[in-house]
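S.K.:
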DNA sequence: GAATGATTCGTCCTAAAGTATGAATGCTTT
DNA sequence: AAAGCATTCATACTTTAGGACGAATCATTC
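Chains as they are written, first to last, in my numbering: chain R, 481 to 625; chain F, 481 to 625.
(1) Would you call the region 556 to 575 of chain F in contact with the region 611 to 622 of chain F, where contact means no fewer than 3 C-beta pairs closer than 8 Å?
(2) Can you tell me whether residue 579/F is buried or exposed, with buried defined as 16 or more other CB within 10 angstroms of its CB?
(3) Go through its chain and collect everything with a Cβ distance to residue 562/R's Cβ below 8 Å, but skip five positions before and after it.
(4) Do residue 598/F and residue 556/F have their C-beta atoms within less than 8 Å of each other?
(5) I'd like to know if residue 577/R contacts chain F, where contact means its C-beta is closer than 8 Å to some C-beta of that chain.
(6) Quick check on the burial criterion: 16 or more other C-beta atoms within 10 angstroms. Buried or exposed for residue 585/R?
(7) Which whole-angstrom value is the C-beta distance of residue 571/R and residue 595/R, which I expect to be below 8 Å?
(8) Might you give, ordered along the chain, the residues of its own chain that have their beta carbon closer than 6 Å to the beta carbon of residue 602/R, omitting 5 neighbours on each side?
(9) Taking 8 Å as the threshold (C-beta atoms), are residue 581/F and residue 590/F in contact?
(10) Assuming residue 601/F is part of the alpha helix (DSSP H), what are its boundary residues?
(11) Provide the residue span of the alpha helix (DSSP H) that contains residue 623/F, from first to last.
(12) What does a CB cutoff of less than 8 Å around residue 609/F pick up in its chain, not counting 5 residues either side in sequence?
(13) Put residue 577/F into one of helix, strand or coil per three-state DSSP.
(14) For the alpha helix (DSSP H) that contains residue 561/F, what are its first and last residues?
(15) Step through the CB atoms of chain F and report whether any lies within less than 8 Å of the CB of residue 573/R.
(16) In whole angstroms, what is the alpha-carbon distance linking residue 540/F and residue 565/F?
(17) If you draw a straight line from the C-alpha of residue 611/F to the C-alpha of residue 583/R, how long is it?
(18) Are the C-beta atoms of residue 562/R and some chain F residue less than 8 Å apart?
(19) Report yes or no: is there a C-beta of chain R within less than 8 Å of the C-beta of residue 616/F?
(20) If you draw a straight line from the C-alpha of residue 587/F to the C-alpha of residue 600/R, how long is it?
(21) Could you tell me whether any Cβ in chain R is nearer than 8 Å to the Cβ of residue 565/F?
(22) Can you tell me whether residue 609/R is helix, strand or coil according to DSSP?
Have a look at this one:
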């Protein structure tokens with residue numbers, strides 16, 4: 481980017497010098513002012529388009545990720561290393577399934593308080609701030625499917 | 481596109497006329513030629529960048545990240561069928577990456593309000609009640625990696 | 001028996017997420 | 001010109017999530 485600006489500045493300086501020379505040698509100003517402006521305008525419009533295409537950053541980043549065709553096996557080792565309890569793992573799976581705390585509570589027949597307690601434990605053990613982050617980490621560790 | 485070219489042409493004509501007038505009234509040419517060229521150059525560079533951004537098709541950067549077994553390809557058809565916009569897709573990906581609305585807002589340089597608007601659109605189009613559910617559905621549809 | 005950890009539940013509080021509504025801008029298409 | 005869509009932002013409100021306590025029960029372990 482810096483190089484682009486540099487080249488741009490140098491080109492401008494060079495053009496000015498060129499015109500200065502032409503002005504003295506061939507009385508450039510005798511040319512119609514419309515032509516004069518037109519040439520400069522065209523020149524810098526092109527330069528502008530070029531500079532713009534250089535400076536404008538690409539818009540879409542399509543990330544292609546690999547998908548395992550191999551059957552998913554819950555990594556028991558990973559579960560142990562995190563220290564997640566059975567119940568926490570259960571809650572985590574339901575979280576990843578898109579359920580709210582209330583829905584999870586209803587499914588496993590406990591109160592929302594309990595689900596929250598488990599959630600807090602999950603976030604602590606997976607070092608996550610939010611459930612979405614916890615789900616992501618759990619999938620990376622192959623703790624959940 | 482035609483309008484763009486038309487506006488561009490008219491602007492150029494207007495500028496030439498303006499300079500003509502100035503030339504007669506205030507002896508514009510007495511000004512240093514460097515300044516003169518500089519102004520026109522700057523003006524048309526800006527115009528060029530603007531015109532370029534309009535006329536040149538947006539850059540699309542596709543980053544391919546590894547394909548171990550089954551190559552994952554974002555299902556363009558599925559994206560279209562959901563009717564998700566470019567921005568919504570972007571927000572969705574960041575959601576799936578575990579970011580909060582505030583963090584997403586900071587990353588794509590918009591306000592939290594805007595992120596929430598996109599989120600609402602996502603939930604509607606993916607028929608989801610929560611972000612975790614939206615992420616799940618998006619993965620099922622292979623809209624995100 | 002005491003300590004430990006898992007599970008359960010509660011309250012209080014703050015932060016984040018989500019809903020609803022309105023509105024401005026700019027681009028595209030008809 | 002007009003209608004539609006995408007993008008942006010705001011305000012106000014409700015709901016959900018999360019943090020920070022404490023505390024009870026039960027089984028296992030030391």
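Glycine included, every Cβ here is placed at the ideal spot set by N, Cα and C.
M.R.: Looking at the coordinates:
(1) yes
(2) Taking the second chain and counting its residues from 1, one reaches residue 579/F at position 99. The residue is buried, with at least 16 neighbouring Cβ atoms inside 10 Å.
(3) Your numbering for residue 562/R matches position 82 in the first chain. For residue 562/R, where only same-chain residues beyond five positions count, the Cβ hits under 8 Å are 605, 606, 621 and 623.
(4) The residue labelled residue 598/F in the question sits at position 118 within the second chain. The residue labelled residue 556/F in the question sits at position 76 within the second chain. Going by C-beta atoms, residue 598/F is not nearer than 8 Å to residue 556/F.
(5) In the first chain, residue 577/R corresponds to position 97, counting from 1. Output row for residue 577/R: interface = yes.
(6) Taking the first chain and counting its residues from 1, one reaches residue 585/R at position 105. In summary, residue 585/R is buried, with 16 or more beta-carbon neighbours lying within 10 Å of its beta-carbon over all protein chains present.
(7) One-based indexing of the first chain puts residue 571/R at position 91. One-based indexing of the first chain puts residue 595/R at position 115. Indeed, because the Cβ distance is near 6 Å, the residues count as touching under 8 Å.
(8) Along the first chain, read from residue 1 onward, the residue named residue 602/R stands at position 122. So the qualifying residues of the chain are 568, 572 and 614.
(9) Position 110 of the second chain, counted from the first residue, corresponds to residue 590/F. Position 101 of the second chain, counted from the first residue, corresponds to residue 581/F. Going by C-beta atoms, residue 590/F is not nearer than 8 Å to residue 581/F.
(10) Taking the second chain and counting its residues from 1, the one referred to as residue 601/F is at position 121. 592 to 606 is the extent of the alpha helix (DSSP H) around residue 601/F.
(11) In the second chain, counting from the first residue as 1, residue 623/F sits at position 143. That residue, residue 623/F, is in no alpha helix (DSSP H); it is neither H nor E in DSSP.
(12) Within the second chain, numbered from 1, the residue matching residue 609/F stands at position 129. Here the set comprises 603.
(13) Taking the second chain and counting its residues from 1, the one referred to as residue 577/F is at position 97. Three-state DSSP puts residue 577/F in coil, outside helix and strand.
(14) Along the second chain, read from residue 1 onward, the residue named residue 561/F stands at position 81. 556 to 562 is the span of the alpha helix (DSSP H), which, as asked, contains residue 561/F.
(15) Translated into the one-based positions of the first chain, residue 573/R becomes position 93. Not an interface residue.
(16) Taking the second chain and counting its residues from 1, one reaches residue 540/F at position 60. Taking the second chain and counting its residues from 1, one reaches residue 565/F at position 85. With a pLDDT of only 45 at residue 540/F, under the threshold of 50, the placement of this residue in the model should not be trusted; the figure read from the coordinates follows. The straight-line gap from Cα to Cα measures roughly 15 Å.
(17) Your numbering for residue 611/F matches position 131 in the second chain. Your numbering for residue 583/R matches position 103 in the first chain. Rounded to the nearest angstrom, the two C-alpha atoms are 15 Å apart.
(18) The count along the first chain starts at 1 and reaches residue 562/R at position 82. So, not an interface residue.
(19) In the second chain, the residue the question calls residue 616/F occupies position 136. At least one chain R Cβ lies under 8 Å of residue 616/F.
(20) As a working mapping, residue 587/F is identified with position 107 in the second chain. As a working mapping, residue 600/R is identified with position 120 in the first chain. Taking the straight line joining both Cα atoms gives about 27 Å.
(21) Here the question's residue 565/F lines up with position 85 in the second chain. False, the Cβ-Cβ gap to chain R never drops below 8 Å.
(22) The residue you call residue 609/R lines up with position 129 of the first chain. When DSSP states are grouped into helix, strand and coil, residue 609/R belongs to the coil group.
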